[in-house]
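In terms of numbering that gives the first Met the number 0, the sequence shown opens at residue 0 and continues consecutively. In this text, a Cβ means the ideal position worked out from N, Cα and C, and glycines have one as well. Beneath this line is the structure, given in structure tokens, with notes to follow.
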Amino acid sequence: MNIIELLTKAVEAKASDIHITVASPPMIRVNGKLMKIGETRLSPEDTKNIVQQMMTPDQMLLFKEKGELDFSYSNAGLGRFRVNAYKQRGSYSMAIRIVTFKVPTIEELKLPPIITELSKKQRGLILVTGPTGSGKSTTLAAMINYMNENRNDHILTLEDPIEYLHKHNKSVVNQREIGNDSYSFANALRSALRQDPDVILVGEMRDLETISTAITAAETGHLVLSTLHTIGAAKTIDRIIDVFPPHQQQQIKVQLSSVLEGVISQQLLPKADESGRVAAFEVMVTNPAIRNLIREGKTHQMQTVIQTGAKLGMKTMDASLMDLYRNGIINKTALQKYAVDIDMISRQVGM
């Protein structure tokens with residue numbers, strides 16, 4: 000099977016992902032649902048051939064050695080693709096995420112207006128969180144794009160792999176790919192502090208060293224953007240603190256309370272008319288009350304502050320979901336499935 004033909008069909012179908020595996024036809028995900036491309040089941044030789052079409056010889060050697068590999072793939076007529084190749088039961092499989100060439104804007108994505116304000120910050124830590132496939136990378140790309148168009152900065156991105164390509168505009172944008180340009184996020188982030196950046200994007204805060212270095216970078220006058228796979232500001236902060244051993248946690252609470260500028264949590268939900276998906280957002284912007292709660296380890300009280308912080312651009316996930324439901328954009332099933340406080344939502348809509 001020709002990979003270009005397969006990618007073309009997926010792009011034309013407006014798919015978000017492609018799955019390649021033995022004993023199944025190629026599958027694409029459209030509006031969150033998997034569907035087949037044709038009926039021909041792939042053989043081990045088919046999947047091996049597809050993998051070889053997408054990888055360089057060096058990538059193929061790494062893949063054979065490690066059994067899995069993240070990399071990016073480009074085609075001038077189709078776009079960019081984020082690929083995870085892996086071995087399963089002795090054969091080759093791939094999950095391919097489709098990424099457009101055009102970097103989206105904050106306006107095009109209809110992101111909450113406060114995200115523009117957060118993108119103007121000169122220092123601190125901003126986190127974009129949510130489950131896999133919720134659009135975190137796209138939100139961050141839009142924020143970097145805004146900075147690139149409006150700031151005279153050195154923007155350094157550390158990604159695994161690089162998804163959106165940013166051209167130099169008012170800012171200089173250097174993009175480093177983990178695995179190709181640096182060994183790990185932690186290594187790249189340590190080096191970043193010696194590369195005179197104003198803004199650092201860390202694709203994912205995966206471990207203690209990366210989190211610790213990111214907080215230090217924010218403390219020393221840089222603006223740091225990163226992601227976690229959490230839903231909600233409180234869970235995000237708890238996750239960061241829990242990474243550290245107990246004897247360090249109070250110090251991390253103090254550091255985090257001083258550098259954190261905001262947490263944007265997002266989920267993608269199916270639209271009621273089945274025309275696609277729509278994002279719901281929780282936004283927390285740090286103010287003195289939030290900083291005190293972080294420092295004192297009272298993250299469970301954050302929802303109350305977020306609920307009363309509308310003037311600062313704050314909004315709970317459930318409030319965002321209720322807005323979508325009341326406007327007829329999502330149905331009751333989606334509302335119930337993605338709600339944080341199901342009891343409260345049930346009382347409001349009579350479920």
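- Our two residues, ALA75 and LYS47, have alpha carbons roughly 24 angstroms apart in a direct line.
- For the 8 angstroms CB-CB criterion, MET53 and VAL82 form a contact.
- The C-beta of GLU281 has 16 or more other C-beta atoms within 10 Å across all chains shown, which makes the residue buried.
- GLU273 and ARG96 have their C-alpha atoms roughly 21 angstroms apart.
- DSSP places PRO269 in the strand class (E or B) of the three-state scheme.
- For VAL172, no alpha helix (DSSP H) encloses it; the enclosing beta strand (DSSP E) starts and ends at 171-176.
- PRO130 and HIS18 do not touch by the CB rule: their CB atoms are close to 18 angstroms apart, not below 8 angstroms.
- Beyond the five residues adjoining it in sequence on each side, ARG294 comes within less than 7 angstroms, by CB distance, of LYS252, VAL253 and SER256 in the same chain, given in chain order.
- Per DSSP, the beta-bridge partners of THR156 are GLN174 and LEU200.
- Within the DSSP secondary-structure output, GLU281 pairs in a beta bridge with SER264.
- Look at PHE62 here: in three-state DSSP terms it is helix.
- Residue nearest to LEU139 within the set ILE114, TYR324 and GLY123 is ILE114 (criterion: CA-CA distance).
- Under the Cβ criterion (8 angstroms, minimum of three pairs), the stretch 286-306 does not count as touching the stretch 321-336.
- With a beta-carbon spacing of about 5 angstroms, GLY261 and LEU117 fall inside the 8 angstroms limit used to define contacts.
- About 5 angstroms separates the beta carbons of ALA216 and VAL223, which is inside the 8 angstroms limit, making them a contact pair.
- Counting only residues of its own chain and dropping the five nearest sequence neighbours on each side, MET146 has a CB closer than 8 angstroms to the CB of SER118, ASP152, ILE154, SER170 and VAL198.
- Note: VAL98 is bridge-paired with ARG79 in the DSSP secondary-structure output.
- Its Cα nearest to that of ILE210, the residue ILE239 stands out among GLN51, ILE239 and THR219.
- For the 8 angstroms CB-CB criterion, LEU124 and ALA213 form a contact.
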